[in-house]
Amino acid sequence: MVSNPNLFIKGVMKSGRKITILGGGPAGIAIAYYAKENKIKYELFEASNRVGGNCITFEYNGFLYDSGAHRLHDKDMETTRIIKEMMGNDLKLIQVPSQIYREGKFIDFPLSPLNLLGFLGIRRFLYSAYQILASKIRTKTNIDNFRDLAIHTYGKNISDLFLLHYTEKLWGKPASELSIDVAGKRLKGLNLKTFILETFRGKNDKTQHLDGSFYYPKYGIGSIFEAFNSHCGDNFHLNQKVTAVYHSNQKITGIELNGNSINDVEDLVSSLPLGVLLKVMHPPPPKNILDLGNSILFRDIILVGLFLDVDSVNKNGSMYFPSNRYPFTRVYEPKNRSEHMAPLGKTSLMIEIPCQKNSGIWNEDEKIVIKGVIRELVDANIFNESDLFDSCIHKIKNAYPVLEKDYQTKINPIYDYLSNFHNLKLTGRNGLFAYTHIHDHMINGKRIINILKS
Ligand SMILES: Cc1cc2nc3c(=O)[nH]c(=O)nc-3n(C[C@H](O)[C@H](O)[C@H](O)COP(=O)(O)OP(=O)(O)OC[C@H]3O[C@@H](n4cnc5c(N)ncnc54)[C@H](O)[C@@H]3O)c2cc1C
1 MVSNPNLFIK
11 GVMKSGRKIT
21 ILGGGPAGIA
31 IAYYAKENKI
41 KYELFEASNR
51 VGGNCITFEY
61 NGFLYDSGAH
71 RLHDKDMETT
81 RIIKEMMGND
91 LKLIQVPSQI
101 YREGKFIDFP
111 LSPLNLLGFL
121 GIRRFLYSAY
131 QILASKIRTK
141 TNIDNFRDLA
151 IHTYGKNISD
161 LFLLHYTEKL
171 WGKPASELSI
181 DVAGKRLKGL
191 NLKTFILETF
201 RGKNDKTQHL
211 DGSFYYPKYG
221 IGSIFEAFNS
231 HCGDNFHLNQ
241 KVTAVYHSNQ
251 KITGIELNGN
261 SINDVEDLVS
271 SLPLGVLLKV
281 MHPPPPKNIL
291 DLGNSILFRD
301 IILVGLFLDV
311 DSVNKNGSMY
321 FPSNRYPFTR
331 VYEPKNRSEH
341 MAPLGKTSLM
351 IEIPCQKNSG
361 IWNEDEKIVI
371 KGVIRELVDA
381 NIFNESDLFD
391 SCIHKIKNAY
401 PVLEKDYQTK
411 INPIYDYLSN
421 FHNLKLTGRN
431 GLFAYTHIHD
441 HMINGKRIIN
451 ILKS
């Protein structure tokens, strides 16, 4: 979702000119794709040595795994069609359910009344049903934080068990300080009606919340952006870090790359994290805007990989660990998305530990972090330690913008300041500071290019 769609309407760009794109993640690539489709000139500058940003597939001794558990959500018909055309037979529709690990047991995710009944037992179940009913009766009109939304939707019991600690681990803030926007669409399924219908009639089409079916490429999520790179990557410049963005008279005039070469700019689309863009602007933005830019937070992830000498751990798409006991939130087995992700007879587990870069666990000795993860997963009977033969660790920066309760009061003045530059557009998860996904970046890419054409 785009937090402030007006950003795309302000400052129409003139046609027939070249667009400079900052960042070669999914959002920057979407701009390049639609520019090429519309025969508009473009150049893309990416700091790292590969495209895909935080949506890449790593390779390690014959194993493939993504930068966190990714799936292509079939939410925008055009995005799915384009990626299907680009990937051909390499894109598969797969069916893999996920589960939550709680109190030593697995329960299906998303939660449904029937599986909750099995998990909670009749007494706790009835009490939870009563809590949902009671919270509905005490309808709150202005729910402004995730904690209240979760309790209003699921009642206190279920929220405590499955949602609140998980969300706090993921975003690194008390749930009462988080915006309701962090819920995404996750809290939509289990309402009172489905609770009652499903309990007495079983699951049917109407009460099925979210099945485990999604598109996934044979060789990992990153191969989508490798395919885009082959299609529209002629003008992509890798290893080009943007170190300054120059402006004058409310117009972006040029960018500095790697601290030296300077390129003129006609129209600029930035997918750099919002705070990074503000910091490289020259002359610098007003102090209050810089301060706001410094105050917005991005959540980072440590990804631990464990490589196992067994064919399979289990059949889950993802395993969620809401308990505070675990530093990690999610574990996934890449092979369950595509058999090509592991050598024959072997498998791997990828463990996501959300954290803040340059603090706490981020700076911890990597061996100690890996050891801790192994101990917890072995204790939980997820795998046998004797099957483990190798491990690795990756640090993923700027994985999620932290949507605090008041984030829009920080973001809107920044948007307003940046919208004064009539040849600048923003896109991307961190570029817009919005909890967006691949299809959102494609939709934004098309929208920006349509503005440019008009
Ligand atoms: C754990 C995890 C799971 C996810 N699961 C899903 C999923 O299932 N489905 C889905 O659709 N999405 C998923 N996402 C979201 C998806 O990965 C992001 O939406 C996407 O990566 C954001 O794309 P972007 O282009 O906005 O930013 P990024 O991917 O962060 O790309 C930004 C790019 O800008 C570059 N850059 C930064 N600074 C500079 C600079 N100064 N100069 C030049 N270049 C610079 C970076 O190197 C990077 O390549 C997930 C993300 C994470 C972290």
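The sequence shown begins at 1 in this note's numbering and counts up by one.
Yeah, the Cβ is synthetic: ideal placement off N, Cα and C, and Gly gets one too.
Everything numeric in this text was worked out from a predicted model, so none of it was measured.
- Within the same chain, and ignoring the five residues on either side of Ile56 in sequence, the residues whose Cβ sits closer than 6 Å to its Cβ are Ser67, Gly222.
- Residue Ser159 holds the alpha-carbon nearest to the alpha-carbon of Pro322 among Ser159, Arg138, His439.
- Between Lys405 and Asp267, the alpha-carbon positions lie close to 33 Å from each other.
- In the DSSP annotation of this structure, the continuous segment of the alpha helix (DSSP H) that includes Asn157 starts and ends at 146-158.
- Shown here, Val331 sits in a strand according to DSSP, grouped into three states.
- DSSP, reduced to helix, strand and coil, places Thr409 within a helical segment of the structure shown.
- His282 has its CB no nearer than 7 Å to any heavy atom of ligand 1.
- Gly431 has its CB nearer than 7 Å to a heavy atom of ligand 1.
- Between Pro354 and Gly172, the gap from beta carbon to beta carbon is short of 8 Å.
- At a cut-off of 7 Å, the beta-carbon of Asn49 does not count as near ligand 1: no heavy atom of the ligand is closer than that.
- Assigned with DSSP and collapsed to three states, Gly23 falls in coil, not helix or strand.
- A residue is called buried once 16 or more other Cβ atoms fall within 10 Å of its Cβ, and Asp300 is buried on that count.
- Relative to the Cα of Leu452, the nearest Cα in the group Ala30, Ile21, Ile40 belongs to Ile40.
- With respect to Gln99, Asn316 sits close: the two C-beta atoms are nearer than 8 Å.
- DSSP, read as helix, strand or coil, puts Pro110 in coil.
- Between Gly53 and Gly23 a beta carbon distance of about 7 Å is seen, short of the 8 Å cut, so the two are scored as contacting.
- At least one heavy atom of ligand 1 lies less than 7 Å from the C-beta of His437.
- Between the stretch 333-353 and the stretch 112-130, the count of C-beta pairs closer than 8 Å stays below three; the two stretches do not touch.
- A contact is defined here as three or more CB-CB pairs under 8 Å, and the stretch 73-87 fails this definition with respect to the stretch 234-241.
- Beta-bridge partners of Gly254 (DSSP): Tyr246, Asp264.
- Taken atom to atom, the span from the alpha-carbon of Ile132 to that of Asn157 is near 9 Å.
- By the criterion of at least three beta-carbon pairs nearer than 8 Å, the stretch 384-398 is not in contact with the stretch 257-271.
- Here DSSP, grouped into helix, strand and coil, assigns Cys55 to coil.
- Along the length of the stretch 391-446, whole beta strand (DSSP E) runs at least 3 residues long occupy 424-426, reported in chain order.
- Remark: the shortest separation between the CB of Cys355 and any heavy atom of ligand 1 does not fall under 7 Å.
- Distance from the C-beta of Gly220 to the nearest heavy atom of ligand 1 is not below 7 Å.
- Residue burial is scored here from C-beta neighbours: Gly118 has fewer than 16 other C-beta atoms within 10 angstroms and is therefore classed as exposed.
- Not one heavy atom of ligand 1 is found less than 7 Å from the C-beta of Asn239.
- Buried is the label assigned to Thr329, since at least 16 other Cβ atoms lie within 10 Å of its Cβ.
- Around the Cβ of Glu168, a 10 Å sphere holds 16 or more other Cβ atoms; the residue is buried.
- Distance from the CA atom of Val96 to the CA atom of Ser176, rounded to whole angstroms, is 32 Å.
- In the three-state scheme derived from DSSP, where H, G and I count as helix and E and B as strand, Lys92 is classed as strand.
- Relative to ligand 1, Pro26 has its C-beta within less than 7 Å of a heavy atom.
- Under DSSP, His282 shares a beta bridge with Tyr246.
- The residue from Ala35, Arg17, His422 with its alpha-carbon nearest to that of Arg447 is Ala35.
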